[in-house]
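**Student:** Take any residue in the sequence shown, note its place counting from 1, add 2, and you have its number in the working numbering.
For every residue, glycine included, the Cβ atom is placed at its ideal position computed from N, Cα and C.
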Amino acid sequence: MALLGRLGAFLQRAVESEEDPVDLAAAFTQHWKGLTHYYLEATDESKPARETDIPWHLKQMLDILVFEEKQQASAGETGPCLEFLLQHKVLETLGTLGRAEYPPGMRAQVLLFFSRLLGQMQCPLLHYLNVHRPVQRLLQLGSDSLGPDPEKEAMQLVAVLCAKIRQDPSLLPCVLEDNGVAEPCHLQPSVAEADLGSPKEGASGAPPAEPSSFAQNLVASLVSLCKSQKRRIALKAQENLLLLSSADHPTAGLALTRDGRLSALVTDQLLALHSALPDALSPANIAPFQPVSWRCQSSPAEEENAFPGQADLEAFLGWLDLCDCLVKEAHPVVADAVREAVVQRLFVGRLQPQLLQMDERGLLLTTALLTLLVRQVRAPALLRELTVFLLGGEEDPETQQQQHQSLLRSQLIGRCNHLSDEISMGTLRLFEELLRLPEPLVLQTLVLGSLEGRGYVLRSLPGQEEPVAREPEPPCEDGLDLEEDPYFMDGLPSSSFPASAKAKTTAVSAPKPRTQPGERRDVKEVVSSFLCLVPSEAKTSTYLEEAGYDTYVHDASLLFKECSANAARWNWPRAPRPLESCPEGPGFYEGDFLKVLLDRLARILDQPYAVNLQVTSVISRLALFPHPHLHEYLLDPYLPMAPGCRTLFSVLIRVIGDLMQRTQRIPDFPAHLLQVRRQLMGLVPQDSRIAHRMLLEGVVILEEFCRELAAIVFVKSVPEEGPA
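1. How many whole angstroms separate the CB atoms of V133 and L93, which I take to be in contact at a CB cut-off of 8 Å?
2. For M157, which three-state DSSP category applies?
3. Are the CB atoms of L654 and L675 nearer to each other than 8 Å?
4. State the start and end residues of the unbroken alpha helix (DSSP H) segment that holds G311.
5. Alpha carbon to alpha carbon, what distance is there between V162 and F116?
6. Does DSSP classify Y40 as helix, strand or coil?
7. Drop a sphere of 10 angstroms on the beta-carbon of P171, count the other beta-carbons inside from all chains shown, and report buried for 16 or more, exposed for fewer.
8. Grab me the residues of C164's own chain with a C-beta within less than 7 Å of its C-beta, minus the 5 sequence neighbours each way, in chain order.
9. For the alpha helix (DSSP H) that E71 lies in, which residues bound it at each end?
10. Helix, strand or coil, according to DSSP, for V221 in the structure here?
11. Leaving out five residues on either side along the sequence, give the residues of the same chain with a beta carbon under 8 Å from the beta carbon of L443.
12. Taking only beta-carbon atoms, is F349 less than 8 Å away from chain C?
13. So what does DSSP say about V536, is it helix, strand or coil?
14. Near L140, what residues of its chain come up, given a Cβ to Cβ distance below 6 Å and the 5 sequence neighbours on each side ignored?
15. In its own chain, which residues sit with a C-beta less than 6 Å from the C-beta of L636, not counting the 5 before and 5 after it?
16. If you measure between the beta carbons of S1 and A332, is that distance less than 8 Å?
17. Threshold first: 4 residues or longer. Then list the alpha helix (DSSP H) segments lying entirely within the stretch 353–398, N to C.
18. Just checking my contact of V376 with L414 at CB under 8 Å: how many whole Å lie between their CB atoms?
19. State the DSSP-derived secondary structure class of M683, mapped to helix, strand or coil.
20. Output the distance between the C-alpha atoms of L348 and L322, rounded to the nearest integer angstrom.
21. By Cβ distance below 6 Å, which residues in the same chain neighbour V686 in space, the five residues on each side in sequence not counted?
22. Considering only the beta carbon of each residue, do I714 and S566 sit closer than 8 Å?
23. At the level of alpha carbons, what is the spacing between P175 and G36?
24. Rounded to whole angstroms, what is the Cα-Cα separation between F86 and V221?
25. Where DSSP assigns a beta bridge to L459, which residues make up the other side?
26. In whole angstroms, what separates the C-alpha of L131 from that of I235?
27. Using the DSSP secondary-structure output, state which residues sit across from Y104 in a beta bridge.
28. Quick one: give me the first and last residue of the alpha helix (DSSP H) that M662 is part of.
29. Please list the terminal residues of the continuous alpha helix (DSSP H) segment that includes R411.
30. Beta-carbon within less than 8 Å of T373's beta-carbon, same chain only, minus the 5 sequence neighbours each way: which residues are those?
31. At which residues does the alpha helix (DSSP H) containing F562 begin and terminate?
32. My understanding is that Q138 touches F216, with C-beta atoms under 8 Å, so please give their C-beta distance in whole angstroms.
33. Just how far apart, CA to CA, sit Q218 and V268?
34. Which residue's Cα is closest to the Cα of L88: G351, L113 and L119?
35. So is K506 buried or exposed if we call it buried at 16+ other beta carbons inside 10 Å?
36. Under a three-way DSSP split, which group does Y591 fall into?
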């Protein structure tokens, strides 16, 4: 190690020139006395420490100690200078002077000396009581409000301690109690202390510190520095907190969580930042907000487009990300403690009462914030806890008569059909975000538990091996009238359609999937069933120059890959469960979540445009998952349904039937529909004078939704290697 300072260079030259050996102990003692004599001779108490000889004396003492250790390395003995430092409680005295902050700035000088001493000395000093105890007392100061001046020096000391503990994790629990520390000998008061009047804890007028563990003081100092207004110091403190918590030593993990109260301190700050979120935060600003990393937080106050409360929101999310990293990267003992604290104190203690409140604005804000939290959390263990918190852990099928045990889950699903459209959309966005999680419990709890028994499929009649299925008709490309389509007419009298409904639909060519020859017709028919579901006079996409279907195929392909990547780890079956192995129940119930989605979809002609967009977006996300039961329930138009059951396709059929009846009462329906579509696309200015606007917007959504479903069917039929 390179020696620092002129004294170190002089000592090195003396050794190399074989001159008379320098009396290191005498030099060390002389510098220590020179430092302590300042307090006997100083007349100007306001003079800063950096303008005195104190920094120079401290540096020479450090150089001597480092040089001595290098010289004593071969002998493996403790040198006289280090013995003097330990026996005469030099660090205790320096710590007292630093706590007294006399002269001004002395605390920073002491912190710097401690960090350099522990960092440059190779021998393990923290095992000594007369090193460990003053360090611990300095850490107690570090967890208090230091002001802006000594933060840098305090961070240096904490960083050195974390590095030492990282190298030797057993050090942390070793120095928790004084009886576990090795004292080199019975120590006597030093001459310097006698000259100073034996400064003790009360020399500065401060009361003795409360007894606390080394781990608690270290963690408290780190958390305090993590809150620094100086971004570089806060970032370094957070890095060291993660470094310390990942020490691979079970006893060290226990020391951090039990004695160090790490989980309590980090969640205290998390709750404080959550409480600091202003009521003026707008759910509209929160909804598109992206996750924040603790490593690279921006400065929203300096951004031109920063919204009110953005700085507070980023601070909260950044600290949540730090907790998330602790759960993911820390020692399992620490990770479990942090996870449990976040769940109990933030999720259950803070968010649950806010999610169960009746105030509409409070619900909107909390739901938007929770949606952002779902997007932010990435640690698998914390994601699982968040899912259980919101949805419960029940995976069994639901019944209409049995209330789900999770009150919060029932409340959230019910709010998807709330009287307030804003609350409904906010809650639907929350569920859409949940469906993006790499967590199988979301799908299992919301939909798969209800579909597991395939109660929606018509059972075989006596004497038949297979369920009765309707013979597929040729697709609409061959000029099939909508009136003649048995699936479009299912359950609807032919008189319910106007004469114009008998017009032939415009053929829409879908890309041919790469499947086996025997399967090609089936896929093509399913795709055509969705593309031809909306009659020609209710279609407007063909009148506009746009690559709508191709865009849907491209987007569906990307999303399907994402869903498939998540599901690949969930051990889902590749084929539907055989009906003979499915127990016959009293009746099929799609479950609360699918029920509210299908109920909403059934009202697509009578709901605001934004609500319809959100409902269809959630259903599309469900349809992308590769579970065979979910696929056949949502995307198989030819599925033989059990009595009293409905599927996505059957709901769409009845919506179309309702549409055809209502269009008879709207004069010049096609022209008005095309005009509304142009307005929605921003091609022409909005015109509030158009009658039946909500219905016309619903028709536009209906057409696009059917095209999107057709694209999903096509993408899911393509082999994994993709199209040629």
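**Tutor:** The answer reads as follows:
1. In the sequence shown, residue 133 corresponds to position 131, counting from 1. In the sequence shown, residue 93 corresponds to position 91, counting from 1. The beta-carbon distance between V133 and L93, rounded to whole angstroms, is 6 Å. This is short enough to meet the 8 Å contact definition.
2. On the sequence shown, residue 157 is found 155 positions in, with the first residue counted as 1. In the three-state reduction of the DSSP assignment, M157 falls in the helix class, which pools H, G and I.
3. The residue you call residue 654 lines up with position 652 of the sequence shown. The residue you call residue 675 lines up with position 673 of the sequence shown. Taking 8 Å as the Cβ cut-off, L654 and L675 do not qualify as a contacting pair.
4. Numbered from its first residue, the sequence shown carries residue 311 at position 309. Where G311 is concerned, there is no enclosing alpha helix (DSSP H), because DSSP gives it neither an H nor an E.
5. Walking along the sequence shown from the start, residue 116 turns up at place 114. Walking along the sequence shown from the start, residue 162 turns up at place 160. Going by the C-alpha atoms only, they are around 9 Å apart.
6. As a first step, residue 40 is located in the sequence shown; it is residue number 38 there, counting from the start. Of the three classes helix, strand and coil, the one that applies to Y40 here is helix, per DSSP.
7. Mapped onto the sequence shown, residue 171 falls at position 169. Buried: at least 16 other Cβ atoms inside 10 Å.
8. Working through the sequence shown from its first residue, we reach residue 164 at position 162. In the same chain as C164, and ignoring 5 residues on each side of it, the C-beta atoms closer than 7 Å to its own belong to N242, L245 and L246, in chain order.
9. Here residue 71 corresponds to residue number 69 of the sequence shown, with the count starting at 1. E71 -> alpha helix (DSSP H) spans I56 to Q74.
10. Working through the sequence shown from its first residue, we reach residue 221 at position 219. In the structure shown, V221 sits in a helix (DSSP, three-state: H, G or I).
11. On the sequence shown, residue 443 is found 441 positions in, with the first residue counted as 1. These residues qualify, in order along the chain: R386, T389, V390, L393, G395 and E397.
12. The structure shown contains no chain C; it holds only a single protein chain.
13. As a position in the sequence shown, residue 536 is number 534, starting the count at 1. In this structure, V536 counts as coil in the three-state DSSP scheme.
14. The residue labelled residue 140 in the question sits at position 138 within the sequence shown. Scanning its chain for C-beta atoms nearer than 6 Å, with the 5 sequence neighbours on each side dropped, one finds around L140 the residues G97, in chain order.
15. Reading the sequence shown from its first residue, position 634 is the one you call residue 636. Sequence-distant Cβ neighbours of L636 in its own chain, meaning closer than 6 Å and more than five residues away, are A625 and L650.
16. This structure cannot settle anything about residue 1, because the visible part of the chain is limited to 3 through 726.
17. The stretch 353–398 contains these whole alpha helix (DSSP H) runs: 354–357, 362–378 and 382–393.
18. Position 374 of the sequence shown, counted from the first residue, corresponds to residue 376. Position 412 of the sequence shown, counted from the first residue, corresponds to residue 414. Between L414 and V376 the Cβ distance is about 12 Å, and since that is not below 8 Å, they are no contact.
19. Residue 683 sits at position 681 when you count from the first residue of the sequence shown. In this structure, M683 counts as coil in the three-state DSSP scheme.
20. Within the sequence shown, numbered from 1, the residue matching residue 348 stands at position 346. Within the sequence shown, numbered from 1, the residue matching residue 322 stands at position 320. Distance between the alpha carbons of L348 and L322: 10 Å.
21. Position 684 of the sequence shown, counted from the start, is the residue given in the question as residue 686. Within the same chain, and ignoring the five residues on either side of V686 in sequence, the residues whose Cβ sits closer than 6 Å to its Cβ are R680.
22. The count along the sequence shown starts at 1 and reaches residue 714 at position 712. The count along the sequence shown starts at 1 and reaches residue 566 at position 564. Remark: C-beta atoms of I714 and S566 do not approach each other more closely than 8 Å.
23. Here residue 175 refers to the residue found at position 173 when the sequence shown is read from its first residue. Here residue 36 refers to the residue found at position 34 when the sequence shown is read from its first residue. For P175 and G36, the distance between alpha carbons rounds to 37 Å.
24. In the sequence shown, counting from the first residue as 1, residue 86 sits at position 84. In the sequence shown, counting from the first residue as 1, residue 221 sits at position 219. Those two C-alpha atoms are separated by around 31 Å.
25. Numbered from 1 along the sequence shown, position 457 holds the residue referred to as residue 459. What sits at residue 459 in the sequence shown is Val, not Leu. Beta bridge pairing from DSSP links V459 with M643.
26. For the purposes of this step, residue 131 is taken as the residue at position 129 of the sequence shown. For the purposes of this step, residue 235 is taken as the residue at position 233 of the sequence shown. Rounded to the nearest whole angstrom, the CA to CA distance from L131 to I235 is 29 Å.
27. Position 102 of the sequence shown, counted from the start, is the residue given in the question as residue 104. Paired residue(s): none; Y104 is not in a bridge.
28. In the sequence shown, the residue the question calls residue 662 occupies position 660. First-last of the alpha helix (DSSP H) with M662: L650 to T665.
29. Start at 1 with the first residue of the sequence shown, and residue 411 comes out as number 409. DSSP places R411 in the uninterrupted alpha helix (DSSP H) bounded by L409 to R417.
30. Walking along the sequence shown from the start, residue 373 turns up at place 371. Counting only Cβ-Cβ distances below 8 Å, and skipping sequence neighbours, we find I288, A289, G428, R431, L432 and E435.
31. In the sequence shown, counting from the first residue as 1, residue 562 sits at position 560. Start and end: G550 to A569.
32. Residue 138 sits at position 136 when you count from the first residue of the sequence shown. Residue 216 sits at position 214 when you count from the first residue of the sequence shown. The distance from the Cβ of Q138 to that of F216 is about 5 Å, consistent with a contact at the 8 Å cut-off.
33. Mapped onto the sequence shown, residue 218 falls at position 216. Mapped onto the sequence shown, residue 268 falls at position 266. Take the alpha-carbon of Q218 and the one of V268: they are about 12 Å apart.
34. Working through the sequence shown from its first residue, we reach residue 88 at position 86. The residue with the shortest Cα to Cα distance from L88 is L119.
35. Residue mapping note: residue 506 aligns to position 504 of the sequence shown, counting from 1. Bear in mind that the predicted position of K506 carries a pLDDT of just 32, short of 50, making it too unreliable to give a figure here.
36. The residue you call residue 591 lines up with position 589 of the sequence shown. Reduced to three states, the DSSP call for Y591 is coil.
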